[in-house]
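Protein chains in written order, with the working numbering: chain A, 1 to 125; chain B, 1001 to 1278. Working notes, structure below.
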Amino acid sequence: MTPITDKQLESAIADMLRFGVVLAAIVVFVGGGMYLHHPSIAQPDYSHFHATAAPLRTVAGVLRGVLHLDAKSVIQLGILILIATPVARVVFCIIGFSRQRDGLYIGVSVAVLIILTYSLFRGGR
Amino acid sequence: MNILEFTSLLFGMSILAGLLGALTGLGGGVVIVPALVLLFKVDIRYAIGASLVSVIATSSGAAVAYVREGLSNIRIGMFLEVATTAGALLGAYLTTKVSGHWIAIVFGIVLLYSAYASFTKEPEGLSTFRPNLLATRLKLNGSYTDSIAQGRYYAQNMPLGFGIMFGAGTLSGLLGIGSGAVKVLAMDHAMKLPFKVSTTTSNFMIGVTAAASAGIYLFRGYIDPGIAMPVMLGVLVGSLVGARILVRSRVTSLKVLFSLVIVALGVEMIYSGLRGRI
């Protein structure tokens, strides 16, 4: 593999970020349309906090909901795609720094990825 | 109110917040949270959940433009993200321990500081600093070109910058905002990086920092689809329109007006927090 320049790495990152945000926005928009399909439902009470329903709080629960075409799950899937976008950016940097054989920054990026993974998979507990 | 009315009102307000955030350079989050809490009477935890989602969307959207300009420094950004993401974990953890009143008061103080910071001048050019041993070891340097200066820069005071970044991450996780103003403080004042490098690298880091606390928010049930959907889409539209306006005209008078709005929101957040109404 040929080593890539910082410039090429940066433009690959820009393309990836744009893709992630656009995809997330489309999914949230579609979910929003489904959510407003019965527009006359009363607005839920948000003035007191009582956490969203349990299936909307895990990746597995959201995916199950999407299979049943549940509107809130589709919106939540879009939000998960959005959260995954910066994480994918860090993975991109790890690949880029590997191709530049920059050991120090492979290590730094892996450290950031570990913190992110910890928050995504262990943070709720 | 039915969900269609509620969603439409939130969507409209979020467009305004995105516009305001883009024009002041503060980001949509600083307006969304007070607006949801004070106008829509939404619990502050739902508000910071929805705000954080919009922060990831706008920072990733804006990063595309900044990366093209070539002024953001991925190595400095990645290095400091170790501090901001660790801070964000602490901040998100604190939201479960600290009462809503205190979150509101801290939020108000950050709003007042951000309004003040948005008026610091944006110097062009390069301060000359000698290569510093730690910065060279960690490759925290870069080359810089703008209309008046060209040369290399080296990060100074790394430990202090790293510490402030940890604080910026904590605020981001606690308040559901990008805390760009604090990130710029660390890079511009402590690390003496050129101003444009600070602002663009800061924006670049905001998405990753927010993602670290967003996972925790989601699992704790702070991110409600009924609120997050109109807020994310609205802020995204507003900030895209705002960025276009910024390119076409200089908007000093608008900026003064908007900063006054932010000061008013900050005072109201502190007052409501102290009175125990949030």
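A virtual CB, placed ideally from N, CA and C, is assigned to each residue, including glycine. Remember, it's a predicted structure, so these values are computed and weren't measured experimentally.
Notebook entry, point to check: Leaving out the 5 sequence neighbours to the left and right, which residues in its chain are closer than 7 Å to A/Arg89 when beta-carbon positions are compared?
Noted result: Position 89 of the first sequence, counting from 1, holds the residue named residue 89 of chain A. Counting only residues of its own chain and dropping the five nearest sequence neighbours on each side, A/Arg89 has a CB closer than 7 Å to the CB of Ile13, Met16 and Leu17.
Item checked: Three-state secondary structure assigned by DSSP to B/Thr1145 -> On the second sequence, residue 1145 of chain B is found 145 positions in, with the first residue counted as 1. Here B/Thr1145 carries a strand assignment [DSSP, helix/strand/coil].
Notebook entry, point to check: So B/Ile1105 packs on B/Leu1274, CB below 8 Å; how close in whole Å?
Noted result: The residue you call residue 1105 of chain B lines up with position 105 of the second sequence. The residue you call residue 1274 of chain B lines up with position 274 of the second sequence. At roughly 7 Å, the Cβ-Cβ gap stays under 8 Å, so B/Ile1105 and B/Leu1274 are in contact.
Next item on the list: Answer with yes or no whether the minimum CB distance from B/Val1042 to chain A is below 9 Å.
Entry: Position 42 of the second sequence holds residue 1042 of chain B. It does; some Cβ of chain A falls within 9 Å.
Checklist line | Residues near A/Ile129 in its chain [Cβ-Cβ closer than 8 Å; skip 5 each side] | finding: One cannot answer for residue 129 of chain A here, as it falls past the ends of chain A, which runs 1 to 125.
Next item on the list: Just mark A/Asp45 as buried or exposed, buried being the case when its beta carbon has 16 or more other beta carbons within 10 Å.
Entry: Your numbering for residue 45 of chain A matches position 45 in the first sequence. By the neighbour-count rule (16 or more Cβ atoms within 10 Å), A/Asp45 is not buried but exposed.
Next item on the list: Just confirm the distance between the C-beta atoms of B/Ala1088 and B/Ala1212, as a whole number of angstroms; I'd bet it's less than 8 Å.
Entry: Here residue 1088 of chain B is taken as the residue at index 88 of the second sequence, counted from 1. Here residue 1212 of chain B is taken as the residue at index 212 of the second sequence, counted from 1. Contact flag correct, Cβ pair sits at about 4 Å.
Next item on the list: Check the Cβ-Cβ distances between B/Glu1081 and every residue of chain A, and say whether any is below 9 Å.
Entry: As a first step, residue 1081 of chain B must be located in the second sequence, where it is residue number 81. B/Glu1081 counts as touching chain A.
Notebook entry, point to check: Along chain A, in chain order, which residues have C-beta atoms closer than 7 Å to that of B/Ser1060?
Noted result: Along the second sequence, read from residue 1 onward, the residue named residue 1060 of chain B stands at position 60. Under the 7 Å cutoff, chain A gives Leu17, Gly20, Val21, Thr85 and Pro86.
Item checked: Where B/Tyr1066 sits in the DSSP three-state scheme -> As a working mapping, residue 1066 of chain B is identified with position 66 in the second sequence. Reduced to three states, the DSSP call for B/Tyr1066 is helix.
Note to self: Taking DSSP's pairing of strands, which residues face A/Ala42 in a bridge?
What the structure shows: As a position in the first sequence, residue 42 of chain A is number 42, starting the count at 1. A/Ala42 is bridged to B/Asn1002.
Margin query: In the DSSP assignment, the alpha helix (DSSP H) including B/Tyr1154 goes from what residue to what residue?
Written below: The residue labelled residue 1154 of chain B in the question sits at position 154 within the second sequence. The continuous stretches of alpha helix (DSSP H) do not include B/Tyr1154, which lies in the beta strand (DSSP E) extending over residues Gln1150 to Tyr1154.
Next item on the list: Could you work out which residues of chain A lie near B/Thr1085, taking near to mean beta carbons separated by less than 7 Å?
Entry: One-based indexing of the second sequence puts residue 1085 of chain B at position 85. Within 7 Å Cβ-Cβ: Val112, Ile115 and Leu116.
Margin query: Which residue marks the beginning of the alpha helix (DSSP H) containing B/Gly1163, and which one marks its end?
Written below: Sequence index remark: in the second sequence, residue 1163 of chain B carries index 163 (1-based). Start and end: Met1158 to Leu1175.
Next item on the list: Less than 8 Å between the CB atoms is what I'm expecting for B/Ala1186 and B/Val1053, so what's the real figure, rounded?
Entry: Indexing the second sequence from 1 puts residue 1186 of chain B at position 186. Indexing the second sequence from 1 puts residue 1053 of chain B at position 53. At roughly 24 Å, the Cβ-Cβ gap does not stay under 8 Å, so B/Ala1186 and B/Val1053 are not in contact.
Notebook entry, point to check: What do you get for B/Pro1159, buried or exposed, if any count of 16 or more other CB atoms within 10 angstroms of its CB means buried?
Noted result: Counting from one through the second sequence, the residue named residue 1159 of chain B turns up at place 159. Classification for B/Pro1159: exposed.
Note to self: Among the candidates B/Leu1260, B/Met1205 and B/Leu1236, whose CA atom is the shortest distance from the CA of B/Ala1050?
What the structure shows: Looking up residue 1050 of chain B in the second sequence gives position 50. Measuring from the Cα of B/Ala1050, the nearest candidate turns out to be B/Leu1236.
Next item on the list: For B/Leu1236, go through chain A and note every residue whose CB falls closer than 9 Å to its CB, in chain order.
Entry: Your numbering for residue 1236 of chain B matches position 236 in the second sequence. What B/Leu1236 touches in chain A: Val21 and Ala25.
Item checked: C-beta atoms of B/Val1033 and B/Leu1175 nearer than 9 Å -> What you label residue 1033 of chain B is simply residue 33 of the second sequence in a count that begins at 1. What you label residue 1175 of chain B is simply residue 175 of the second sequence in a count that begins at 1. Closer than 9 Å, so yes.
Checklist line | Near-chain A residues of the region 1202-1226 of chain B (beta-carbon distance less than 8 Å), N- to C-terminal order | finding: Listed by position along the chain: Gly1207, Val1208, Ala1210, Ala1211, Ala1212, Ser1213, Ala1214, Gly1215, Ile1216, Leu1218, Phe1219, Arg1220, Gly1221, Tyr1222, Ile1223, Asp1224, Pro1225 and Gly1226.
Next item on the list: Closer than 9 Å by beta-carbon distance: list the chain B residues that pair up with A/Gln76, in chain order.
Entry: For the purposes of this step, residue 76 of chain A is taken as residue 76 along the first sequence, with counting starting at 1. Under the 9 Å cutoff, chain B gives Leu1218, Ile1223, Pro1225 and Ala1228.
Note to self: If you measure between the beta carbons of B/Leu1081 and B/Thr1199, is that distance less than 9 Å?
What the structure shows: The residue labelled residue 1081 of chain B in the question sits at position 81 within the second sequence. The residue labelled residue 1199 of chain B in the question sits at position 199 within the second sequence. In the sequence under discussion, the amino acid at residue 1081 of chain B is Glu, which differs from the Leu named in the question. No; because the gap between Cβ atoms is not below 9 Å, this pair is not in contact.
Margin query: For B/Phe1258, tell me which candidate among B/Leu1009, B/Gly1100, B/Leu1038 and B/Tyr1116 has the shortest Cα-Cα distance.
Written below: Translated into positions along the second sequence, residue 1258 of chain B becomes position 258. Minimum Cα distance to B/Phe1258 is reached at B/Tyr1116.
Item checked: Continuous alpha helix (DSSP H) stretch holding A/His68: start and end -> Taking the first residue of the first sequence as position 1, residue 68 of chain A is located at position 68. Per DSSP, A/His68 is not a residue of any alpha helix (DSSP H), being assigned neither H nor E.
Notebook entry, point to check: Taking 9 Å as the CB-CB cut-off, is A/Arg89 touching chain B?
Noted result: Locating residue 89 of chain A in the first sequence gives position 89, counting from the first residue. Judged by the 9 Å Cβ criterion, A/Arg89 is in contact with chain B.
Check: Which term fits A/Val22, buried or exposed, when burial requires 16 or more other beta carbons within 10 angstroms of its beta carbon?
Finding: Residue 22 of chain A sits at position 22 when you count from the first residue of the first sequence. Answer is exposed; the Cβ neighbour count stays below 16.
Item checked: alpha helix (DSSP H) segment containing B/Asn1132, residue limits -> Start at 1 with the first residue of the second sequence, and residue 1132 of chain B comes out as number 132. First-last for B/Asn1132: undefined, no H or E at that position.
Notebook entry, point to check: Should B/Gly1242 and B/Gly1021 be called a contact, given that it needs their Cβ atoms to be closer than 9 Å?
Noted result: Mapped onto the second sequence, residue 1242 of chain B falls at position 242. Mapped onto the second sequence, residue 1021 of chain B falls at position 21. Judged by their CB atoms, B/Gly1242 and B/Gly1021 are nearer to each other than the 9 Å cut-off.
Next item on the list: Measure from the alpha carbon of B/Ile1177 to the alpha carbon of each residue in B/Gly1077, B/Tyr1154 and B/Val1030, then state which is nearest.
Entry: Position 177 of the second sequence holds residue 1177 of chain B. B/Val1030 is the residue among B/Gly1077, B/Tyr1154 and B/Val1030 whose C-alpha sits nearest the C-alpha of B/Ile1177.
Note to self: I want to verify the contact list: residues of chain E whose CB lies under 8 Å from the CB of B/Gly1070, in sequence order.
What the structure shows: Absent from the structure: chain E. Protein chains present are A and B.
Next item on the list: Can you have a look at A/Ile114 and say buried or exposed, based on whether 16 or more other CB atoms are within 10 angstroms of its CB?
Entry: In the first sequence, the residue the question calls residue 114 of chain A occupies position 114. Burial call: exposed.
Check: Using the beta-carbon of each residue, which ones in chain A are nearer than 7 Å to B/Val1053?
Finding: Residue mapping note: residue 1053 of chain B aligns to position 53 of the second sequence, counting from 1. Simply Ile79 and Leu82.
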